[in-house]
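In the UniProt record's numbering, the protein residues as written are 1 to 224.
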């Protein structure tokens, strides 16, 4: 599965940022809420899991220009986009690898992720949440802007219908639409309630879904 995900995102790396706004109907509110939840000291250490081209991390760095970022992704091609984005700062470290298996060292004030963790199996998600908790300093936060499965099959079908209608209105080419639909076959979405439960089981406090639009949701948790 990881190899399939890497291949799909290697292929779209050059167009990823431009297309993301068209592929996420709630883009501004989704990322706006995620960024607003990242509250930390000006020179904090922030880890971005599945960072891709660094879109989420870049928005956080606009908010906190002096933070130190560590960006991790399976796809070196996607990280090339991040290297270009952050070419004027020396406060960004890059790791090419699988964050569900990586032997992390050090601690962070915040761990962030966007539209990545849903590619993991459910047991891997749960293990990752425990890893994230361990990596955070006391008082550290985890913000995960991701996809969720509907509470019922009918809800999932509605999410799908609304998303397909939105991307067909977005101005994307048919080729880009077809590519996105193909990539979403790799999704392993978990329900909102399951993810909240897994975060709490990992030790997080103040856990909640702070924003949701169809199957796009922003989760928050804190290490007490």
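From the three backbone atoms N, C-alpha and C, an ideal C-beta is built for every residue, glycine too. These figures come from a predicted structure and were not determined experimentally.
- Counting of Cβ neighbours within 10 angstroms places residue 87 among the exposed residues, the total staying below 16.
- In this structure the segment 109–120 touches the segment 139–154; the number of beta carbon pairs closer than 8 Å is three or more.
- Annotation: residue 224 to residue 133 spans about 10 Å, alpha carbon to alpha carbon.
- Non-local beta-carbon contacts of residue 85 in its own chain, meaning distances under 7 Å to residues more than five positions away in sequence, involve 53, 54 and 58 in chain order.
- Looking from the CA of residue 140, the closest CA among 23, 45, 174 and 22 belongs to 45.
- Residues 22, 23, 177 and 180 of the same chain have their beta carbon placed closer than 7 Å to that of residue 167, with the five preceding and five following residues left out of the count.
- Counting only the Cα atoms, residue 153 lies some 30 Å from residue 56.
- Rounded to the nearest whole angstrom, the C-alpha separation of residue 204 and residue 135 is 12 Å.
- According to the DSSP assignment, residue 38 belongs to no beta strand (DSSP E), since it is labelled neither H nor E.
- When the alpha-carbon of residue 120 is set against those of 109, 105 and 101, the nearest one is in 101.
- Counting only the Cα atoms, residue 138 lies some 13 Å from residue 41.
- The DSSP assignment places 68–73, 92–96 and 108–114 as complete runs of the beta strand (DSSP E) inside the segment 47–131, in order along the chain (cut-off: 3 residues).
- Listed as beta-bridge partners of residue 222 by DSSP are 141 and 205.
- Looking at the backbone, the Cα of residue 72 and that of residue 50 are separated by about 6 Å.
- Sequence-distant Cβ neighbours of residue 124 in its own chain, meaning closer than 8 Å and more than five residues away, are 100.
- Membership of residue 169 in any alpha helix (DSSP H) is not indicated, and neither H nor E is assigned to it by DSSP.
- Rounded to whole angstroms, residue 27 and residue 169 show a C-alpha spacing of 15 Å.
- Residue 214 and residue 103 have their alpha carbons spaced roughly 34 Å apart.
- Its chain contains 67 and 69 as the residues whose beta carbon lies nearer than 7 Å to that of residue 61, once the 5 sequence neighbours on both sides are disregarded; these appear in chain order.
- Counting C-beta atoms within 10 angstroms of its own C-beta, residue 157 has fewer than 16 neighbours from the protein chains shown and is therefore classed as exposed.
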